[in-house]
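In the numbering used here, the protein residues as written are -12 to 127.
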């Protein structure tokens, strides 16, 4: 039994070594279109020119960074709040309207409503308050 365990152990280690070699070779072949031109450029260009190319690409890197920041600021939604004061007396229940601008049309949003009711005995006597928010488009 001891000999069988050693043979199985050696076989497993050989198989894992072959899998590792196969994985490394696959990665090298996959990145060859990128690494081969870089190796050719590295051999044919003097070191001073490497520095000049690097320094000339820095403004482009800065431009890409600023563009990415603007894109994130414009397209990723942030939280905001709008005040809407309840109107009484013109309908059966109080209501309020507010206009929310600068929404991205294909972006999902979470909408929440926070009611602030003044502390008074009359409000305590009324009990709990509830609301039913509706989101409507003005068609603009």
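Where a beta carbon is used, it is the ideal one built from N, C-alpha and C, also for glycine. As the structure is a computational prediction, the values presented were derived from the model and not from experiment.
A distance below 8 angstroms separates the beta carbons of residue 98 and residue 122.
Straight across, the Cα-Cα distance linking residue 56 with residue 65 is about 14 angstroms. Under the three-state reduction of DSSP output, residue 82 falls in the strand class. Residue range 34 to 62 is occupied by the alpha helix (DSSP H) that includes residue 46. Of the residues 75, 47, 88 and -10, the one whose Cα lies closest to the Cα of residue 69 is 88. Annotated as distal: residue 84 and residue 73, with beta-carbon spacing of 8 angstroms or more.
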